[in-house]
Amino acid sequence: MKAFFLTEIGKTEVREIEVPKPKSGEVLLEVGMVGFCGGDLNGFKGLFPLQEYPNILGHEVGAKVVELGEEVPDSIQIGAKVTLYPYQNCGTCVACRKGRPNACKTNKTMGVRRPGAMTRYITTPWQDLFESKTLSLKELALVEPLTVGFHAVSRGKVEAQDRVAVMGCGIVGLGAVASALNRGAEVIAIDIDNSKLEIAKKIGVRHTINPSQEDLHERLQQITEGDGPDVIIEAVGSPTTYRSAVEEVAFLGRVVCIGYAKAPVEFNTSLFVQKEIEILGSRNCVGKIDFPEVIAYLEKGKFPVNEVISKVISIDQAPETMDAWAKNSQGIVKIMLDLEI
Ligand SMILES: [Zn+2]
Ligand SMILES: [Zn+2]
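Here my numbering = 1-based position in the sequence shown + 49.
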């Protein structure tokens with residue numbers, strides 16, 4: 050069967066591999082849809098230090114269970130439509146010991162430090178599966194990227210009375226937008242790409258700001274009656290957005306950091322003290338909490354699934370798609386690999 054490999058920085062290839070056999074405690078999945086992650090693009094560009102080469106990419110999966118290994122409980126049935134938790138934690142580091150495996154020191158993500166899902170059949174431990182009876186494989190492939198934004202909103206302890214600004218409306222930022230709205234908060238979506246702001250509006254956001262066309266500070270002040278947002282979620286990873294998150298957040302506010310900044314960022318730390326703000330890192334997601342929450346949210350059918358999927362491609366189109374995406378990512382929210390075409 051075909052598999053899509055990231056072979057080295059800037060190079061991808063479709064190679065032939067063997068269909069795997071499920072070991073004890075594992076299931077065999079027939080993969081239908083896999084999302085391309087921003088992390089895959091960074092791995093391709095050589096900007097992701099954890100990426101191992103060569104490796105099959107892909108960790109955002111919509112699949113069907115087709116075979117059960119030994120010791121798999123009856124709760125897992127052949128034909129079930131599932132997505133999977135793609136992180137593997139060590140169980141012994143300080144983060145694991147404290148019950149926060151998402152921040153494991155030696156986390157191994159599928160497609161990054163072990164083989165990914167961009168192929169027709171993969172095996173995985175049954176404990177990593179999350180099922181939905183109603184979502185399509187395409188929707189199931191959107192669950193994992195959305196969990197990252199949902200986790201950030203949990204880290205920010207967002208409640209209904211909060212005003213939350215989300216900087217960056219890629220799929221992670223849009224997940225944060227959806228989750229904050231789901232908690233009843235007032236959400237302000239910020240991006241320099243108007244098409245992404247339109248998607249945020251479809252999710253239910255009332256206020257959008259495009260800082261390349263309007264004054265971010267003035268608009269935030271106006272929307273929040275001079276207070277600034279209670280929570281700012283940084284989902285871009287640029288020095289400018291990191292600094293403005295700290296500058297714009299309200300006194301006593303929370304800044305949640307999801308974006309990986311590619312370079313060190315300089316801050317006016319007096320603002321940390323003066324405003325008594327909380328700065329919170331947010332990494333990946335907590336499988337047992339965020340996956341069921343996102344699945345339940347998507348099952349309500351209000352998320353604009355087709356709008357966020359910019360393109361659906363076949364495995365043979367994957368190499369050229371990766372090249373084109375690396376050259377121009379403008380307007381692209383999510384590319385999906387369809388393994389059934
Ligand atoms: Zn991802
Ligand atoms: Zn660990």
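Here a beta-carbon is modelled for each residue, glycine too, at the ideal position from N, C-alpha and C.
Which parts of the segment 255-289 are runs of the beta strand (DSSP E), unbroken and 3 residues or longer, counting only runs that do not cross its ends? For the segment 255-289, whole beta strand (DSSP E) runs of length 3 or above, ordered along the chain, are 256-258 and 280-283.
Rounded to a whole number of angstroms, what is the C-alpha to C-alpha distance between V192 and T132? Rounded to the nearest whole angstrom, the C-alpha separation of V192 and T132 is 7 Å.
DSSP state of G128, grouped into three classes? Three-state DSSP puts G128 in coil, outside helix and strand.
Using CA coordinates, which residue listed in H266, Q270, A225 and Q262 is at the minimum distance from G253? Out of H266, Q270, A225 and Q262, A225 has the C-alpha closest to the C-alpha of G253.
Opening and closing residue of the beta strand (DSSP E) in which S359 lies: Counting along the chain, the beta strand (DSSP E) containing S359 begins and ends at I358 to I362.
Taking DSSP as the reference, what is the three-state secondary structure of I384? If DSSP states are grouped into helix, strand and coil, I384 belongs with the strands.
How about the segment 177-184 and the segment 358-372: do they share at least three Cβ pairs that are nearer than 8 Å? No, the segment 177-184 is not in contact with the segment 358-372.
Quick check on DSSP: helix, strand or coil for T155? T155 carries a coil assignment under DSSP once its states are collapsed to helix, strand and coil.
Please classify E263 as buried or exposed, where buried requires at least 16 neighbouring CB atoms within 10 angstroms. By the neighbour-count criterion, in which a residue is buried when 16 or more other Cβ atoms sit within 10 angstroms of its Cβ, E263 is exposed.
Classify C86 as helix, strand or coil using the three-state DSSP reduction. Three-state DSSP puts C86 in coil, outside helix and strand.
Own chain, CB closer than 7 Å to I272, minus 5 neighbours either side, in chain order: For I272, where only same-chain residues beyond five positions count, the Cβ hits under 7 Å are I237 and H256.
Using the C-alpha atoms, what's the distance from G302 back to K206? In a straight line, the C-alpha of K206 is about 11 Å away from that of G302.
How big is the Cα-Cα spacing for N104 and L320? Going by the C-alpha atoms only, they are around 43 Å apart.
Short of 7 Å in beta carbon distance, which residues of its chain neighbour Y291, apart from the five on each side in sequence? Order them along the chain. Same-chain partners within the cutoff: E283, A310 and V314.
G107 Cβ short of 7 Å to ligand 4 heavy atom set: You won't find ligand 4 in this model; what it holds is ligand 1 and ligand 2.
Could you give the DSSP three-state label for K72: helix, strand or coil? Coil at K72, not helix or strand.
With a CB to CB cut of under 7 Å and the five nearest residues on each side skipped, what residues in its chain are close to N243? Within the same chain, N243 has close Cβ partners N259.
Straight-line gap, F93 to H108 (C-alpha atoms, nearest Å): Approximately 15 Å between the Cα atoms of the pair.
Using DSSP bridges, identify the partner residues of I237. According to DSSP, I237 bridges with A214 and H256.
Over what stretch of residues does the beta strand (DSSP E) that includes L55 continue unbroken? DSSP places L55 in the uninterrupted beta strand (DSSP E) bounded by K51 to E57.
Once the 5 residues before and after P278 are set aside, which same chain residues still bring their CB inside 7 Å of it? Same-chain partners within the cutoff: R212, V213, A214, I237, L269, E297, V298, A299 and G302.
Suppose you measure from the CA of F287 to the CA of P69; what does that come to, to the nearest Å? One point to set straight first is that residue 287 is Ser, not Phe, in the sequence displayed. Take the alpha-carbon of S287 and the one of P69: they are about 40 Å apart.
Per-residue burial, N317 [other beta carbons within 10 Å of its own, 16 or more giving buried]: Exposure of N317 is indicated by the presence of fewer than 16 other C-beta atoms within 10 angstroms of its C-beta.
Determine the closest residue to N355 out of K376, V382 and R332, with distance taken between C-alpha atoms. The shortest C-alpha separation from N355 is found at V382.
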